[in-house]
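One line per chain: the protein sequences are A and B, in this order. Under my numbering, the first residue of the first sequence carries the number 1, and numbering increases by one thereafter. Under my numbering, the first residue of the second sequence carries the number 1001, and numbering increases by one thereafter.
Protein chains: 2
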Amino acid sequence: MERLQYNYLFPEISAREAQHVKKYPNAKVISLGIGDTTEPLPDVVALSMANYAHGLATPTGYRGYGAEQGSKDTEVFVSDGAQCDISRLQLLFGSNMSIAVQDPIFPAYIDSSVIIGQTGDVETESGRYQNIEYMKCGPQNSFFPDLSKTARTDIIFFCSPNNPTGHAASWEQLEQVVRFAQENGSIIVYDSAYAVYITDGSPRSIYEIPGAKKVAIEVSSFSKIAGFTGVRLGWTVVPKELMYSNGFPVINDFNRIVCTCFNGASRIAQAGGLASLSKEGFKAVISLVDYYKENAEILLETFKSLGLRAYGGVNAPYLWVHFPGSNSWDVFNEILEKTHIITVPGSGFGPAGKEFIRVTAFGHRENILEASDRLTTLLK
Amino acid sequence: MERLQYNYLFPEISAREAQHVKKYPNAKVISLGIGDTTEPLPDVVALSMANYAHGLATPTGYRGYGAEQGSKDTEVFVSDGAQCDISRLQLLFGSNMSIAVQDPIFPAYIDSSVIIGQTGDVETESGRYQNIEYMKCGPQNSFFPDLSKTARTDIIFFCSPNNPTGHAASWEQLEQVVRFAQENGSIIVYDSAYAVYITDGSPRSIYEIPGAKKVAIEVSSFSKIAGFTGVRLGWTVVPKELMYSNGFPVINDFNRIVCTCFNGASRIAQAGGLASLSKEGFKAVISLVDYYKENAEILLETFKSLGLRAYGGVNAPYLWVHFPGSNSWDVFNEILEKTHIITVPGSGFGPAGKEFIRVTAFGHRENILEASDRLTTLLK
Chain A
1 MERLQYNYLF PEISAREAQH VKKYPNAKVI SLGIGDTTEP LPDVVALSMA
51 NYAHGLATPT GYRGYGAEQG SKDTEVFVSD GAQCDISRLQ LLFGSNMSIA
101 VQDPIFPAYI DSSVIIGQTG DVETESGRYQ NIEYMKCGPQ NSFFPDLSKT
151 ARTDIIFFCS PNNPTGHAAS WEQLEQVVRF AQENGSIIVY DSAYAVYITD
201 GSPRSIYEIP GAKKVAIEVS SFSKIAGFTG VRLGWTVVPK ELMYSNGFPV
251 INDFNRIVCT CFNGASRIAQ AGGLASLSKE GFKAVISLVD YYKENAEILL
301 ETFKSLGLRA YGGVNAPYLW VHFPGSNSWD VFNEILEKTH IITVPGSGFG
351 PAGKEFIRVT AFGHRENILE ASDRLTTLLK
Chain B
1001 MERLQYNYLF PEISAREAQH VKKYPNAKVI SLGIGDTTEP LPDVVALSMA
1051 NYAHGLATPT GYRGYGAEQG SKDTEVFVSD GAQCDISRLQ LLFGSNMSIA
1101 VQDPIFPAYI DSSVIIGQTG DVETESGRYQ NIEYMKCGPQ NSFFPDLSKT
1151 ARTDIIFFCS PNNPTGHAAS WEQLEQVVRF AQENGSIIVY DSAYAVYITD
1201 GSPRSIYEIP GAKKVAIEVS SFSKIAGFTG VRLGWTVVPK ELMYSNGFPV
1251 INDFNRIVCT CFNGASRIAQ AGGLASLSKE GFKAVISLVD YYKENAEILL
1301 ETFKSLGLRA YGGVNAPYLW VHFPGSNSWD VFNEILEKTH IITVPGSGFG
1351 PAGKEFIRVT AFGHRENILE ASDRLTTLLK
């Protein structure tokens, strides 16, 4: 715990927001910070949860514990969210594993790695932890790491579409990652929490790549697909074909972790998840995704009009905006001070994020439009 | 993971139940096994969750992420259940901590300790893991350990009312535990998931003991209080006064774990939890608890009439039935074969449980009565 360098990123940003509100009590702060869904759930989804909850007060509708895994004897483990599953996977791996991560990346991978004891201390100059292989992703390599320069590790965390850069790995890139894992005897932990936002035909699951079932675990979530950030539902796929080097299937150990350290996702959330996957529900869910994608377009245009390079926003609900030569916390502070808009400083996602800020496309349309106006006026 | 001796207890029992049903397809199996609530939720609780879910489909009722801790800046961390919090606490402690547990005890403490790497191998003869201090509790010491013979450990897991024995530590006993932790510089993790079942005036929270806030974390749950086994809600208290030996407050680290490895309990479950604590809700919840207590009385009488010694059942929804000289899995099998009743073999809770079975008082009254009849007739 002592090795952890900073507070967890998002609570830290909330604290800065609170300070700002204290300083400017009359300012209308717009948050383009934490990636949190803002639009109401489809009626059919909310109704299914309400009906399930009602049923719990009846003798026929009452249910107690469910299977810890959601349903038994499948490769899909239903959970309360991707972040929680990442820490359960880290429990599975333990302290003796070496890991690789994209840089920049959502901080939960690195932080959970530090907590479980896989890393050494942080190197002050580089901002990197010892014993983590950082796979640098930026404009210089079109946000895909040079695997020929990447050291072999036991575990490769790979998030696509990437949070924060918004880059979705192409078919050819994802094939490279799978081949790299095969050659090195590594396990990929593939995070596809934003797959539903992919518009350019890139693969939405690593299992679309032949051979991936033998090398990859996939973690995903209803949070950003279906607006379930407060409802809590996700899943992790551990294929039966995925073996340790001793031929022992990984699924058995993950099953043991889930049974010992978890007691299943809320049954009410699971009812909502099923409704989201119904024909009517999924259609409604996708129209919400389209709404956030339109937000992303508006914001992309805004930053372009300011002469800034903004990446992402096409296959993901995040924009990754470049401020060459800057320090991202300074940019964060300047934007907040000038426009009362919360963003996320890129360095919160790793050393390679130092010159960037992440901007979320989750938000009410009127707020996105007002944020666009403020940015255009005040940052020009 | 390889050190873990058995499958997790309850899935193993489910598997045996499935085998039994295959063998006797027409038998009506009654489960007095896993401690799972069976009675419908109070209307007021279900309604509050249904209303919350409905609201999520409206612009004013929609909510995304909540605080990871439930509410900020308190010592109470709202969670998805006690078992999940125990594994998060183990993440906090890490592999270099020594632990003590009651023997017998709910298996999640020991299993999570093995997973995080605190233990050595299991000793075949004793059935005990190396590096765990087992605090033996049985009829010979009135189910309270002899602390004068207990070695100092960093962490003391203490569950009261105890699952499986049903013993609630008295005021004097709990004072002993707190004093022991104070003298040794240990942290107590106190599990009070069954506190609401206490009828004999024993303390319901360790914080009723003066000085406990400086040495104890308390983990608890709505599961057995309010029938939330499938809804998922619990909490953990980490007092601000609780410090590491270097003077650093434990609460900061646990807060960091919760923010990094968890994303909050489902908001719908939290709405239900609040309703359970309302005046009307709590009254209804307590009448459910009373219902299960009456079940326990019926079962206690049954075992007494068979000439068996049954402990617990007064301060807890579990009976701990002694079969001197037996092996608990044999007893489990014999009862299942003769009466089609599922129990839990005591050895699943540790070596000291070898001659016992645990019987749950959770169940529909008609099933409890039928189980009582079958036991009386067939075990006589």
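Note that the Cβ used here is the ideal one computed from N, Cα and C, for glycine as well.
Do you know how far the Cα of leucine 1379 of chain B is from the Cα of arginine 1088 of chain B?
43 Å
Going by DSSP in three states, glycine 1312 of chain B sits in which element: helix, strand or coil?
strand
C-alpha gap between tyrosine 62 of chain A and glycine 1035 of chain B, whole angstroms:
15 Å
Does isoleucine 187 of chain A come within less than 9 Å of chain B when only Cβ atoms are used?
no
Which residues bound the alpha helix (DSSP H) around methionine 1097 of chain B?
Segment: none, methionine 1097 of chain B is in no alpha helix (DSSP H) and carries neither H nor E.
What does DSSP give as the partner residue(s) for arginine 179 of chain A in the beta ladder?
In the DSSP output, where bridge partners are listed per residue, arginine 179 of chain A has none listed.
Short of 7 Å in beta carbon distance, which residues of its chain neighbour threonine 38 of chain A, apart from the five on each side in sequence? Order them along the chain.
Phe362, Gly363, His364
Can you grab the Cα-Cα spacing for the pair glycine 1353 of chain B / serine 1328 of chain B, in whole Å?
8 Å
Please report the straight-line C-alpha distance between serine 221 of chain A and serine 79 of chain A, rounded to a whole angstrom.
8 Å
Touching by the beta-carbon criterion (3+ pairs, under 8 Å), the stretch 1201-1211 of chain B and the stretch 1166-1186 of chain B
yes
Is isoleucine 217 of chain A close to chain B? Criterion is C-beta to C-beta, closer than 9 Å.
no
Determine, for alanine 361 of chain A, whether the minimum Cβ-Cβ distance to residues of chain B falls below 9 Å.
no
Taking all protein chains shown into account, do 16 or more other C-beta atoms lie within 10 angstroms of the C-beta of proline 164 of chain A, making it buried, or fewer, making it exposed?
buried
What residue range does the alpha helix (DSSP H) around arginine 16 of chain A cover?
9-23
So who's on the other strand from valine 1189 of chain B, going by DSSP bridges?
B:Phe1157, B:Ile1217
Verify whether the separation of the beta carbon atoms of valine 237 of chain A and isoleucine 217 of chain A is less than 9 Å.
yes
Mind listing which residues of the stretch 1256-1273 of chain B have their C-beta closer than 8 Å to chain A's C-betas, in chain order?
Arg1256, Ile1257, Cys1259, Thr1260, Cys1261, Phe1262, Asn1263, Gly1264, Ala1265, Ser1266, Arg1267, Ile1268, Ala1269, Gly1272
Residues in the same chain with beta-carbon distance under 8 Å from tyrosine 24 of chain A, minus the five sequence neighbours each way, listed in chain order, please.
His340
Are the CB atoms of alanine 193 of chain A and alanine 82 of chain A within a distance shorter than 9 Å?
yes
For aspartate 191 of chain A, count neighbouring Cβ atoms within 10 angstroms of its own Cβ and tell me buried if that reaches 16, exposed if not.
buried
Every unbroken alpha helix (DSSP H) inside the stretch 71-131 of chain A [4 residues or more]
82-93, 108-116
What residue from B:Val1029, B:Gly1070, B:Val1285 has the CA that sits closest to alanine 1269 of chain B's CA?
B:Gly1070
Apart from the five residues on each side of it in sequence, which residues of its chain come closer than 6 Å, Cβ to Cβ, to leucine 41 of chain A?
Gly227
With 7 Å as the C-beta to C-beta threshold (strictly closer), list the residues of the stretch 1230-1254 of chain B near chain A in chain order.
Gly1230, Val1231, Arg1232, Asp1253
Spatial neighbours of isoleucine 1188 of chain B in its chain, beta-carbon cut-off 6 Å, leaving aside the 5 residues before and after:
Ile1156, Phe1158, Ala1181, Val1215, Ala1216
Residues that valine 359 of chain A bridges to, as DSSP identifies them
A:Leu319
Nearest CA to the CA of glutamate 957 of chain B: which residue from B:Gly1185, B:Pro1145, B:Asp1154?
What is shown of chain B runs 1001 to 1380, which leaves residue 957 of chain B out entirely.
Just curious, the beta strand (DSSP E) that glycine 281 of chain A is in, first and last residue?
Taken as a continuous stretch (DSSP letters only), glycine 281 of chain A belongs to no beta strand (DSSP E), being part of the alpha helix (DSSP H) at 279-305.
Compare the C-alpha of alanine 67 of chain A against each of A:Cys261, A:Tyr8, A:Val314, A:Asp111 and name the closest.
A:Cys261
Residue nearest to glutamate 1297 of chain B in terms of C-alpha spacing, selected from B:His1054, B:Thr1153, B:Thr1360
B:Thr1360
Among all the DSSP beta bridges, which residues are the ones paired with glycine 234 of chain A?
A:Ser79, A:Ser221
Serine 220 of chain A at chain B interface by Cβ criterion, 9 Å
no
Please determine, among B:Asp1103, B:Gly1033, B:Pro1107, B:Thr1124, the residue with the shortest C-alpha to C-alpha distance to glutamine 988 of chain B.
Past the boundaries of the shown model lies residue 988 of chain B; chain B is included only from 1001 to 1380, so the question cannot be answered.
Assign glutamine 19 of chain A to one of two classes, buried (16 or more other C-beta atoms within 10 Å of its C-beta) or exposed (fewer than that).
exposed
Between A:Val344, A:Lys224, A:Arg267, which has its C-alpha nearest serine 287 of chain A's C-alpha?
A:Lys224
Continuous alpha helix (DSSP H) stretch holding aspartate 1043 of chain B: start and end:
1043-1055
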